[in-house]
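K.L.:
I have a structure here, written as structure tokens, and I will follow up with some questions on it.
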Amino acid sequence: MHSVAEIVAAITSGQKTAEEITRESLSVISQKNPSINAFVEVFEQDALAQARAVDEKRARGEKLGPLAGVPVGIKDNFLYKGHKVTCCSKMLANYEAAYTSTAVERLIQADAVIVGRTNMDEFAMGSSNETSVYGPVHNPVDLTRVPGGSSGGSAAAVAAGMVPVALGTDTGGSVRQPAGFCGVVGIKPGYGRISRYGVISFASSADQVGVLATTVKDAADVLEVISGKDVHDCTSLEDPVPSYSSLFTKDLKGVKVGLPKGFLDGLDDSIKNRVKEAAALLKSKGAEVVEVSLPYAKYSAPCYYIITSAEASSNLGRYDGIRYGYADTTAADLNSYYLNSRAPFGLEVKKRIVIGTYALRSENYEACFLKAMKVRELIREDFKKVFQQVDVLLTPTSPTTAFKIGYHDENPIALYLADLYTCQGNIGGLAGISVPFGKDKQGLPVGIQFYGPILQEEKILNVAHQVEQ
Amino acid sequence: MAITKKDVMHTGKMADMAVSEQEAAIYEAQLEALFKWVNDLSGVDTEGVSLQHSNLAAHLRPDDPVVNLELAKELRARFAQEEKDCAKVKKVL
Chain D
32 MHSVAEIVAA ITSGQKTAEE ITRESLSVIS QKNPSINAFV EVFEQDALAQ
82 ARAVDEKRAR GEKLGPLAGV PVGIKDNFLY KGHKVTCCSK MLANYEAAYT
132 STAVERLIQA DAVIVGRTNM DEFAMGSSNE TSVYGPVHNP VDLTRVPGGS
182 SGGSAAAVAA GMVPVALGTD TGGSVRQPAG FCGVVGIKPG YGRISRYGVI
232 SFASSADQVG VLATTVKDAA DVLEVISGKD VHDCTSLEDP VPSYSSLFTK
282 DLKGVKVGLP KGFLDGLDDS IKNRVKEAAA LLKSKGAEVV EVSLPYAKYS
332 APCYYIITSA EASSNLGRYD GIRYGYADTT AADLNSYYLN SRAPFGLEVK
382 KRIVIGTYAL RSENYEACFL KAMKVRELIR EDFKKVFQQV DVLLTPTSPT
432 TAFKIGYHDE NPIALYLADL YTCQGNIGGL AGISVPFGKD KQGLPVGIQF
482 YGPILQEEKI LNVAHQVEQ
Chain L
379 MAITKKDVMH TGKMADMAVS EQEAAIYEAQ LEALFKWVND LSGVDTEGVS
429 LQHSNLAAHL RPDDPVVNLE LAKELRARFA QEEKDCAKVK KVL
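So the sequences go chain by chain: D and L. Going from the first sequence to the working numbering is simple: count from 1 and add 31. Going from the second sequence to the working numbering is simple: count from 1 and add 378.
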């Protein structure tokens, strides 16, 4: 699959039609999806109709949108009117969206073509895409391995060349970690940059929409289209959206990069060395690389699991068979009705609801939930101080590369450590990007991550672009 | 902070969610490990820390009505019957 820029240029110049590009995408999906399982549904007829509409627009001499004819996959938690959306859960089997999410609507307004919904961990809870009711996604680099999660289907679809770009959501690393595992680019902008209207909630203080693409420029161009204030989401920010890729610089003179102290301790050499090589590359391009201290960052993961589980236990209360979700109409009484109607949740989702409810119980609230919220404040202060010293931070995306499917079955809590470096961004509300940077000993992609302050996505996009070059 | 199988089942009930004996047994060990990890937080000095950075907007949305008549009409059309601007739904029980 070509890059976003190449597709738009080919369609705008008349070298190719949007229908041809869409058919190419559909053909790759039909060929590769049976072994990868990245898409759970392909909107073949709708996609072709959208593509023809773009071609007709061009034929009429009308100006085409910035994503004209670009095939896009959307994670199965974005509402797209008239299409099924299930969060890859039995709970929402056959649920049909009554309206379209703002992010998807903005893609359509930009003349992109929505080709289908991609696989994910159930309700976006997971880091391996093994909790989907549609079965696991297989990493295109090595089919015996996971693609990461929870946006594993979106990452795998881009890595396999099914689509040049896909939407994901990122609550603790769900865009960046699968991007790292599959060898693609994944960006989660700062909190509030993209509207979440029409995105099924998991944890409202951390959920963000993100973009997966093959290049940093593609990710930047799509981010620009979908960002900005939305009256339907009061957490979306008013600030103007820059033309990100026009701000790419030739070198990194004057850019200060922070390398957090202790972040590489205990890591496998193949990841540690890639981060060190990236730091050296940044220096060679004129950046100044300095060591910085983030003493509270190590508490991000426990804070993340308490806070997001608490929010999930509240957000998922709506799946009671009355407002949303499966309804057990055979129940004998109201109590059984609720208990049975909420039974279709999978093991991981139920576990998070239990964790969240437990953390919010009056006897645990102070020691557990409130404590995590206070530590979150200290973590945010850490980042605020460090961004007064440096422009961006460089970290690994994940402590490991893609592991085998089923590897964490015996110890699922160990899987929570997969989000160690990424959940800091959600706890801190930062902008983060994962960019592929070399391979490990087994030839698997290694991702490195850049963090920047909220509303300064251009800084991380620029350094990621330099590294990619 | 220890968590037992009984706690897991009781907490499930509080969330209106049936947790089977078998599920509770699986969760017990996992949650025990998780809460041991979470206990690391208890050693952090948070004396005097207030929740000033917490994005309250994420939790408390303004109470301004957003009127979308077209959507409201479409949603109402999905129900067979309506009465006084309310959609009639099937009896749950």
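For every residue, glycine included, the Cβ atom is placed at its ideal position computed from N, Cα and C.
Flag L449 of chain L as yes if its beta-carbon sits less than 8 Å from any beta-carbon of chain D, otherwise no.
P.N.:
Sequence index remark: in the second sequence, residue 449 of chain L carries index 71 (1-based). Yes - at least one Cβ of chain D is within 8 Å of the one on L449 of chain L.
K.L.:
Taking D300 of chain D as part of the alpha helix (DSSP H), name the residues at either end of that continuous run.
P.N.:
Looking up residue 300 of chain D in the first sequence gives position 269. Note, D300 of chain D: alpha helix (DSSP H), 300-315.
K.L.:
Is it buried or exposed for V430 of chain L, if we count other Cβ within 10 angstroms and need 16 for buried?
P.N.:
In the second sequence, the residue the question calls residue 430 of chain L occupies position 52. The amino acid occupying residue 430 of chain L in the given sequence is Gln; Val does not appear at that position. It counts as exposed.
K.L.:
Below 8 Å on C-beta distance, what does Q408 of chain L contact in chain D?
P.N.:
Position 30 of the second sequence, counted from the first residue, corresponds to residue 408 of chain L. Under the 8 Å cutoff, chain D gives K382, P443, I444.
K.L.:
So what does K287 of chain D bridge to, in DSSP terms?
P.N.:
Here residue 287 of chain D corresponds to residue number 256 of the first sequence, with the count starting at 1. Paired residues: D:E319.
K.L.:
Between the C-alpha atoms of E488 of chain D and G199 of chain D, what's the straight-line distance to the nearest angstrom?
P.N.:
Counting from 1 along the first sequence, the entry for residue 488 of chain D is found at position 457. Counting from 1 along the first sequence, the entry for residue 199 of chain D is found at position 168. Going by the C-alpha atoms only, they are around 17 Å apart.
K.L.:
With the cut-off set at 8 Å, would you say G179 of chain D and T339 of chain D are in Cβ contact?
P.N.:
The sequence position of residue 179 of chain D within the first sequence is 148, counting from 1. The sequence position of residue 339 of chain D within the first sequence is 308, counting from 1. Against a cut-off of 8 Å, the Cβ pair of T339 of chain D and G179 of chain D comes out as no contact.
K.L.:
Report yes or no: is there a C-beta of chain L within less than 8 Å of the C-beta of V417 of chain D?
P.N.:
As a position in the first sequence, residue 417 of chain D is number 386, starting the count at 1. False, the Cβ-Cβ gap to chain L never drops below 8 Å.
K.L.:
Are the Cβ atoms of V423 of chain D and V466 of chain D separated by less than 8 Å?
P.N.:
As a position in the first sequence, residue 423 of chain D is number 392, starting the count at 1. As a position in the first sequence, residue 466 of chain D is number 435, starting the count at 1. No; because the gap between Cβ atoms is not below 8 Å, this pair is not in contact.
K.L.:
Hey, S163 of chain D and C213 of chain D are a contact pair by Cβ (cut 8 Å); roughly how many whole angstroms apart?
P.N.:
As a working note, residue 163 of chain D is residue 132 in the first sequence. As a working note, residue 213 of chain D is residue 182 in the first sequence. With 8 Å as the limit, S163 of chain D and C213 of chain D do not qualify as a contact, their Cβ atoms being about 16 Å apart.
K.L.:
Sorted by chain position, which residues of the same chain lie with C-beta nearer than 7 Å to N170 of chain D's C-beta, five sequence neighbours on each side aside?
P.N.:
Position 139 of the first sequence, counted from the first residue, corresponds to residue 170 of chain D. Correct list, in chain order: R176, V177, P178, A187, F212, C213, A433.
K.L.:
Which of the three DSSP states is assigned to A403 of chain L in this structure?
P.N.:
Counting from 1 along the second sequence, the entry for residue 403 of chain L is found at position 25. In this structure, A403 of chain L counts as helix in the three-state DSSP scheme.
K.L.:
Using 8 Å for Cβ pairs, my map puts V116 of chain D next to V146 of chain D. What's the rounded Cβ distance?
P.N.:
Here residue 116 of chain D refers to the residue found at position 85 when the first sequence is read from its first residue. Here residue 146 of chain D refers to the residue found at position 115 when the first sequence is read from its first residue. So it is not a contact: roughly 15 Å between Cβ atoms.
K.L.:
Under 8 Å between C-beta atoms, does Q430 of chain L make it to chain D?
P.N.:
Here residue 430 of chain L refers to the residue found at position 52 when the second sequence is read from its first residue. So, interface residue.
K.L.:
What span of residues does the beta strand (DSSP E) with Y482 of chain D cover, start to end?
P.N.:
Within the first sequence, numbered from 1, the residue matching residue 482 of chain D stands at position 451. It spans 476-483 - the beta strand (DSSP E) in which Y482 of chain D sits, taken as one unbroken run.
K.L.:
When the distance is taken between beta carbons, is N457 of chain D closer than 8 Å to Y335 of chain D?
P.N.:
Looking up residue 335 of chain D in the first sequence gives position 304. Looking up residue 457 of chain D in the first sequence gives position 426. Contact flag set, yes.
K.L.:
Should T426 of chain D be labelled buried (16 or more other beta-carbon atoms within 10 Å of its own) or exposed?
P.N.:
Along the first sequence, one-based indexing puts residue 426 of chain D at 395. With 16 or more other Cβ atoms within 10 Å, it is buried.
K.L.:
Skipping 5 residues on each side, what residues in its chain have a beta carbon closer than 8 Å to that of G113 of chain D?
P.N.:
For the purposes of this step, residue 113 of chain D is identified with residue 82 of the first sequence, where counting begins at 1. Here the set comprises E127, A128.
K.L.:
Do you know how far the Cα of K435 of chain D is from the Cα of V240 of chain D?
P.N.:
Stepping through the first sequence from its first residue, residue 240 of chain D is reached at position 209. Stepping through the first sequence from its first residue, residue 435 of chain D is reached at position 404. Between V240 of chain D and K435 of chain D, the C-alpha separation is close to 27 Å.
K.L.:
Name the one or two DSSP bridge partners that E127 of chain D has.
P.N.:
Here residue 127 of chain D corresponds to residue number 96 of the first sequence, with the count starting at 1. DSSP, once it has assigned bridges, lists D:K115 as partnering E127 of chain D.
K.L.:
Run through chain D and tell me which residues come within less than 8 Å of E399 of chain L, C-beta to C-beta.
P.N.:
Position 21 of the second sequence, counted from the first residue, corresponds to residue 399 of chain L. Result: empty, since nearest Cβ-Cβ is about 14 Å, beyond 8 Å.
K.L.:
Skipping 5 residues on each side, what residues in its chain have a beta carbon closer than 7 Å to that of A436 of chain L?
P.N.:
Position 58 of the second sequence, counted from the start, is the residue given in the question as residue 436 of chain L. With a pLDDT of only 49 at A436 of chain L, under the threshold of 50, the placement of this residue in the model should not be trusted; the figure read from the coordinates follows. Contacts found: none.
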